[in-house]
Every structure is written in structure tokens, then in C-alpha cells.
Ligand code: GDP
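Numbering (my numbering), first residue to last: 1 to 407.
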């Protein structure tokens, strides 16, 4: 009898120990990986989510029977102590934006789909047996339809005429290479497309880089500010957003939502408040926080040119009390064609534009606008928008763009 009781006790103890191992092992697998020591913004600085780790209680026979035979349900049926709601548990998870370097791959395919009708059209015309005046006129027409602009179109046609003559026999490969070279020359790979977003550590006191985002309503200005915040966060910068579009009620909320997804704080003012004072506060707070970059989303009502001039000019002047503005990015909707060029001229009169962001290039075959707008303003296209997705904003690359135009 004693022998039987002893055997039962040993069996229970062994089962209990085995159950403890199973339960602990499973819990360990559920724990999040320990955060890396990197302190740049992103998931790494977040506290580990709570609620998945519980203190290990000593194994019991009940736990043993619950854990051993039903591996998938064991942890669910086991009564867990309710975790205390903490700040970390209430903080929404941050997105990890896609690295900027990899974006070009996606960029190429989005562009080709909408753009290469121009390249295909040109190649077909240049491959004709006889390149008569009518054909050259058709070539001109294709370029004008793609919004390349009158002056660049004439230059390109002249260059193509000369080079085709020199070429003699025209193989499809020769024509493709020639056209690519000439388009690339018009896009001008020599322009400096660097985005100046690095913190001024040499300044006293050190201050963040300031980027003003300007453009008329509806071009994708707020969306671009949000996407750009992600680009910068992906590149390891800390970003503060300034919601200086105080006239469009939804703009500040929209911007704040973008910022929250990547841990960028948004400085806001009262509705219909003074945009310049919001911009000023954003730079002041970003300086105090030691942020790298401030992105200021401005209002874009264009119904009175004078009103816009006054407002934008004031925003820039007021912000410059902290130090010079590093970038003024003009956002243009590529689908609006010539209208976009008119807008570009108006804005260029108001502020010194340092770069152009062309949005909605995924939805148009009029990619020639890149050439026209750079010519008109003498300012490079620095970024292009290729869709409504959060990471559909890419640094502009002339060679990839020329390839996409040709298809
Ligand atoms: P804002 O008034 O200039 O601030 O314009 P919003 O940022 O609110 O954008 C207007 C609309 O354009 C939104 O529906 C955006 O999703 C859309 N949009 C912005 N950029 C792009 C882009 O690159 N491609 C496409 N297809 N849509 C875009």
C-alpha cells in the first residue's frame, strides 16, 4: 500500500515538473524580442508590449493536466491574472516605414504602367521606314501631349533629327538608346536633388532643419508631408510636424494621424488661427526637443493671389526668426498639366522654392511635366508621389524615370 502511495506521489511530482517546463517554454516563445539599443525613432524605442509575460507561478498538478494533453488550448484555458493597463499598453503600435532605398524598385513599375505610352509612341514613330515631315510633326505631338512643354519639345526634336541622320540605319536598340539618352539629358541628371533635412548641430543653439511644404489645396500637400515624415523616420531622423494649414479643418487631424503612425509629434494651433504662429511654435518646440527636422504643412487657398502671397511670405519670415529655412517644397499634382505650371509660377513669386514634389504620377501618362516644370522654375523635382499608400513617395531618380518613360 505504502509502495503504491509513494508511486502516485512521485508520478504527480514528475507530471507537475513536466507541466511547468511546457508552460514556461511556451511563455518564453510568446515574449517579444528584447529591444535593440538603437535610439533612433521607430519600434526600437518603444517599451515592450505588456500582457504577454506573466510571473511564473509554481507548477501544479492541475496545470500539468491542463497543459500536457492539449497543447494549443492549454494557455487559453489557464486562468491568467488580468494585466494592469499601463501607458505602454495604451500606446498604439508604430509603423515601421519602408526604407527609402528599396522604393525605387516599386517606383519603376508604377511609372512604366502609366508613362510608357509616350516612349512606345516615340519609338514606333522613329522606327518608320521614312521619317518625313509629317512623322516629325507626330513626334512633336506625342511630346506635347505628354506635357514636355513647347521649348523642350522643339529642342528634343532637333536633337533627334540630327542624331537619327548620323545614325544611318536605325535598329530598335539604337533608337531606344538614343531616345533614352536625349530624354535623360532633358531631365537633367546634373541637378542637385538632395533634401536638406539634417539638424544644424553647428548652430548655437543647435536647431532642426526646417522644411516648408507649399502648394494649392488638393494637390496632395498634407499627404506628402505625412509620407515625407515617414521617409525621414525611415532614414533615422526625428521629426516634428507643424500643422500650419489652419484653414482646412481636417488638415491638422489628417497630419496628426500620419505623424502618430511613426511617432512624430504634431504641433497644432487653434482652428482658423494664425498659420505663422503655428509654424513658429513648431520650430521652437522641435528645437527644445532636439528634433532633427520640422515639416511645416501650409495652407493652399489660391483664390486670391495677394492673400496667398501675404500668408506664405509671413510664415516664411516668422519661421526664419529661428534661422534660415532649409527647404521649400512645392507640391504639384502631375495630372493637372499646364495648370500645375501656372501654380508653380505663382508660388515661385512668393517664396524661393528649393524643390518640387510631383504627386499622382501613378495616375497620368503626362510624365513630361517633370521636364517642363524644372525648366520653368530652374528647380529640381526631388520627390515623386506614386500612389495613395503610406510609402508611395520616392526620391526622384532621373535615370530610373527615363527608363520608365521608354518602358
Ligand atoms: P492637400 O489639400 O494638398 O493637403 O491634399 P491631400 O494631401 O489631402 O491629398 C488629396 C488627395 O490626393 C488624397 O486623396 C490623397 O490620397 C491623394 N494623393 C496624394 N498623393 C497622391 C499620389 O501620389 N497618388 C495618388 N494616386 N493619389 C495621391
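Backbone N, C-alpha and C define an ideal beta-carbon position, used for all residues, glycine too.
Following a CB-centred definition, is residue i positioned closer than 7 Å to any heavy atom of the ligand GDP?
{"i": "residue 339", "result": "no"}
{"i": "residue 271", "result": "no"}
{"i": "residue 296", "result": "no"}
{"i": "residue 219", "result": "yes"}
{"i": "residue 149", "result": "no"}
{"i": "residue 359", "result": "yes"}
{"i": "residue 293", "result": "no"}
{"i": "residue 137", "result": "no"}
{"i": "residue 111", "result": "no"}
{"i": "residue 253", "result": "no"}
{"i": "residue 223", "result": "yes"}
{"i": "residue 181", "result": "no"}
{"i": "residue 228", "result": "no"}
{"i": "residue 285", "result": "no"}
{"i": "residue 391", "result": "no"}
{"i": "residue 386", "result": "yes"}
Residue i to residue j, Cα distance in whole Å?
{"i": "residue 209", "j": "residue 324", "result": "9 Å"}
{"i": "residue 145", "j": "residue 366", "result": "7 Å"}
{"i": "residue 137", "j": "residue 222", "result": "41 Å"}
{"i": "residue 285", "j": "residue 272", "result": "21 Å"}
{"i": "residue 392", "j": "residue 152", "result": "29 Å"}
{"i": "residue 240", "j": "residue 162", "result": "52 Å"}
{"i": "residue 99", "j": "residue 140", "result": "39 Å"}
{"i": "residue 319", "j": "residue 295", "result": "12 Å"}
{"i": "residue 187", "j": "residue 270", "result": "42 Å"}
{"i": "residue 237", "j": "residue 182", "result": "37 Å"}
{"i": "residue 185", "j": "residue 268", "result": "43 Å"}
{"i": "residue 198", "j": "residue 206", "result": "11 Å"}
{"i": "residue 362", "j": "residue 215", "result": "19 Å"}
{"i": "residue 230", "j": "residue 307", "result": "31 Å"}
{"i": "residue 117", "j": "residue 403", "result": "12 Å"}
{"i": "residue 173", "j": "residue 112", "result": "18 Å"}
{"i": "residue 266", "j": "residue 109", "result": "33 Å"}
{"i": "residue 168", "j": "residue 119", "result": "21 Å"}
Residue i: buried (16+ other C-beta within 10 angstroms of its C-beta) or exposed?
{"i": "residue 234", "result": "buried"}
{"i": "residue 311", "result": "buried"}
{"i": "residue 76", "result": "Note on residue 76: pLDDT 39, under 50, position unreliable in the model; no value is reported."}
{"i": "residue 300", "result": "buried"}
{"i": "residue 134", "result": "exposed"}
{"i": "residue 142", "result": "buried"}
{"i": "residue 249", "result": "exposed"}
{"i": "residue 389", "result": "exposed"}
{"i": "residue 382", "result": "buried"}
{"i": "residue 130", "result": "exposed"}
{"i": "residue 115", "result": "buried"}
{"i": "residue 374", "result": "buried"}
{"i": "residue 372", "result": "buried"}
{"i": "residue 101", "result": "exposed"}
{"i": "residue 59", "result": "At residue 59, the pLDDT of 35 sits below 50, so the modelled position is not reliable; the number obtained from the coordinates is stated separately. Flag for residue 59 reads buried."}
{"i": "residue 405", "result": "buried"}
{"i": "residue 360", "result": "buried"}
**Message:** Extract the residue ranges of the beta strand (DSSP E) inside the region 259-346, only unbroken runs of 3 or more that lie entirely within it.
**Reply:** Complete beta strand (DSSP E) runs here, min 3: 265-267, 293-298 and 327-333.
**Runs of beta strand (DSSP E) lying entirely within the region 179-249, each at least 3 residues, in chain order** = Taken in chain order, the unbroken stretches of beta strand (DSSP E) that lie wholly in the region 179-249 and span 3 residues or more are 209-214 and 239-244.
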